[in-house]
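**Student:**
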Amino acid sequence: MTILVTGGAGYIGTHTLVELMQAGHQVVVFDNFCNSTPAAVLRVEQICARKVKIIQGDICDRQALTQVFTSHQIDAVIHFAGLKAVGESVAKPLLYYRNNVSGTATLCEVMAEAGVTRLVFSSSATVYGDPQHLPIVEDFATCATNPYGRTKLFIEEMLRDLQRSDTSWRIALLRYFNPIGAHPSGLIGENPAGIPNNLFPFITQVAIGKRESLSVFGGDYQTPDGTGVRDYIHVVDLALGHLCALERIMDKEGVLTVNLGTGQGYSVLEMINTFEQVSGRTIPYQIVDRRPGDIASCYADPSLARHELGWVAECGLKEMCRDGWNWQQQNPTGY
Ligand code: NAD
Ligand code: WQD
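Numbered according to the numbering used here, the sequence shown spans residues 78 to 412.
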């Protein structure tokens, strides 16, 4: 198949390109590089020893998107393009609604005009807000606590409405938990601009000497050691989940909403300990106040993904740390 990958130059996009190509698919990348670089796609080419078609464009640009569909025979779209910084979304909500929600609406309109109705969408565990029970099952109530999360919720609802209006649409809404790590080759990985918002890239930057120490946000949560618990998932496992979802929607009508996580939660201190063991580096840290908007614990019930997609995350925390550290060491200043 030929898959259009919006946001394909980004962190999860590049890892998914590798798995798509290694499974024999053709890919077309559409990205405006607002949070990435074409160099990342060149690394994908290096891993796969194949050229990748890259188109620089914005999902809000209808003409540019139409051009993609008229010049390529696209069978399905994997839609990663979006802005994802929670804090920025609080400061600039309209930017997030325009880019994420309106951009997705434009993409779907253009897809419909081209007769392409297979879509895999990057949603997030953030749509569960602060869950009342754990592990998190897909039919739990949804509730976002910031504009970024609301863009994911609104897009999910928009795509469900779209499918109700035209049942030829087949859509997978993939709710990612916390993707970390990198491709085992060390050629592609997460490359945050500026100070990392997320725990794992912050740890690897402390380990490489780019930052002095880690602030652990809160030591008084109702968790075994008082620090926040999350379901970290290796980015290659996550990428493979997209292939399974793609295959599934090819022969199943409707909207499939599914968690992609491991089902196992780890605390911040467990993450630090595992990273120290794997890397042989010490991570200096201090426990500071909670980060506003954070929750105590969040981990998936991944059984629906196993039943519906035949997908299970294979890598454990040590492999995530090993591969993420390998990427950081090989690319101390990113791409
Ligand atoms: P990323 O920022 O690395 O990748 C997103 C890509 O989309 C970037 O290459 C960026 O340049 C591109 N992009 C953004 N707006 C665009 C636009 N208007 N037109 C064209 N391209 C555009 O982020 P990622 O971590 O790879 O995340 C991919 C998707 O998964 C996002 O939608 C994100 O919200 C979602 N997600 C990420 C996480 C996570 O922790 N990384 C968790 C849950 C969901
Ligand atoms: C993990 C744990 C922090 C940084 C975010 C988004 C979510 C999704 C994934 C896109 C928490 C603690 C963190 C630090 C720390 N993205 N922490 N010091 O908050 O679970 O999820 O990324 O959809 O929407 O909100 O991930 O990596 O930021 O935090 O102590 O410097 O690490 O408090 O307990 P989070 P995270």
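Even for Gly, the Cβ is constructed at its ideal location relative to N, Cα and C.
Quick one: is His260 buried, meaning 16 or more other Cβ sit within 10 Å of its Cβ, or exposed?
**Tutor:** With 16 or more other Cβ atoms within 10 Å, it is buried.
**Student:** Three or more C-beta pairs under 8 Å: does that hold for the segment 355-365 against the segment 319-336?
**Tutor:** As far as the Cβ criterion goes, the segment 355-365 does not touch the segment 319-336, which means the pair count is below three.
**Student:** Is it true that the CB of Gly305 sits closer than 8 Å to the CB of Asp366?
**Tutor:** Against a cut-off of 8 Å, the Cβ pair of Gly305 and Asp366 comes out as no contact.
**Student:** Could you check the C-alpha separation between Arg139 and Thr181 for me, to the nearest Å?
**Tutor:** About 11 Å.
**Student:** Is any heavy atom of the ligand WQD found at a distance shorter than 7 Å from the C-beta of Lys287?
**Tutor:** Not under cutoff, so the answer is no.
**Student:** Would you call the CB atoms of Arg127 and Val204 closer than 8 Å?
**Tutor:** No, Cβ-Cβ distance for Arg127 and Val204 is not below 8 Å.
**Student:** Based on Cα-Cα distance, which residue from Ile136, Asp216 and Pro212 lies nearest to Thr334?
**Tutor:** Nearest of Ile136, Asp216 and Pro212 to Thr334, Cα basis: Asp216.
**Student:** Restricting to Cα atoms, I'd like to know which of Thr281, Gln123, Ala221 and Phe146 is closest to Phe107.
**Tutor:** Closest option to Phe107, Cα to Cα, is Phe146.
**Student:** Would the C-beta of Gly192 count as close to the ligand NAD, meaning under 7 Å from any of its heavy atoms?
**Tutor:** Every heavy atom of the ligand NAD is 7 Å or more from the Cβ of Gly192, so no.
**Student:** For Ala390, is the classification buried or exposed, using 16 other Cβ atoms within 10 angstroms of its Cβ as the cut-off for buried?
**Tutor:** It counts as buried.
**Student:** Could you tell me whether any Cβ in chain C is nearer than 8 Å to the Cβ of Asp152?
**Tutor:** This model lacks chain C altogether; it includes just one protein chain.
**Student:** Find out if the Cβ-Cβ distance for the pair Tyr412, Arg307 is shorter than 8 Å.
**Tutor:** Cβ distance not < 8 Å, so Tyr412 and Arg307 don't count as in contact.
**Student:** With three or more C-beta pairs closer than 8 Å as the rule, is the segment 269-276 touching the segment 325-344?
**Tutor:** Output reads no: the segment 269-276 does not touch the segment 325-344.
**Student:** In the structure shown, what three-state DSSP assignment does Gly357 receive?
**Tutor:** Gly357: coil per DSSP, three-state reduction.
**Student:** How would you call Gly164, buried or exposed, if buried means at least 16 neighbouring beta carbons within 10 angstroms?
**Tutor:** By the 10 Å Cβ count, Gly164 comes out exposed.
**Student:** May I ask you to report which of helix, strand or coil DSSP gives Ala249?
**Tutor:** It is a strand residue.
**Student:** Mapping the DSSP letters down to three states, classify Ser113 as helix, strand or coil.
**Tutor:** Three-state result, Ser113: coil.
**Student:** Can you list, in chain order, the residues of its chain with a C-beta nearer than 6 Å to that of Lys143? Leave out the 5 residues immediately preceding and following it.
**Tutor:** Checking the sequence shown, residue 143 turns out to be Thr, not Lys. Result list for Thr143: Val187, in chain order.
**Student:** Do Ile232 and Leu196 have their C-beta atoms within less than 8 Å of each other?
**Tutor:** Not a contact, by the Cβ cut-off of 8 Å.
**Student:** Counting pairs of beta carbons, one from the segment 288-303 and one from the segment 381-400, are three or more of them closer than 8 Å?
**Tutor:** These segments do not touch.
**Student:** Within the same chain, show all residues whose beta-carbon is closer than 6 Å to that of Trp404, passing over the 5 residues directly before and after it, in chain order.
**Tutor:** So the qualifying residues of the chain are Ala259, Gly263 and Gly266.
**Student:** For the segment 167-174 against the segment 219-233, do three or more pairs of beta-carbon atoms, one drawn from each stretch, fall closer than 8 Å, so that the two count as touching?
**Tutor:** Cβ pair count under 8 Å is three or more, so yes.
**Student:** Starting from Thr222, trace the alpha helix (DSSP H) in both directions and tell me its first and last residue.
**Tutor:** No alpha helix (DSSP H) holds Thr222; DSSP gives it neither H nor E.
**Student:** By a C-beta neighbour count over all protein chains shown, 10 Å radius and 16 as the cutoff for buried, is Met98 buried or exposed?
**Tutor:** By the neighbour-count rule (16 or more Cβ atoms within 10 Å), Met98 is buried.
**Student:** Can you tell me whether Ser344 is buried or exposed, with buried defined as 16 or more other CB within 10 angstroms of its CB?
**Tutor:** With 16 or more Cβ atoms within 10 Å of its Cβ, Ser344 is classed as buried.
**Student:** With 16 other CB atoms within 10 Å as the buried threshold, where does Arg399 fall?
**Tutor:** With 16 or more Cβ atoms within 10 Å of its Cβ, Arg399 is classed as buried.
**Student:** Distance, Cα to Cα, Pro278 vs Ala202?
**Tutor:** Taking the straight line from one Cα to the other gives about 19 Å.
**Student:** Could you give the residue range of the alpha helix (DSSP H) that holds Arg325?
**Tutor:** Residues Val312 to Met327.
**Student:** Rounded to the nearest angstrom, what separates Ile114 and Leu160 at their Cα positions?
**Tutor:** One point to set straight first is that residue 114 is Thr, not Ile, in the sequence displayed. Their Cα atoms are separated by approximately 15 Å.
**Student:** For the alpha helix (DSSP H) containing Ile89, name the first residue and the last one.
**Tutor:** Looking at the DSSP string, the run of the alpha helix (DSSP H) that includes Ile89 is Tyr88 to Gln99.
**Student:** Please classify Lys329 as buried or exposed, where buried requires at least 16 other C-beta atoms within 10 Å of its C-beta.
**Tutor:** Exposed: under 16 other Cβ atoms inside 10 Å.
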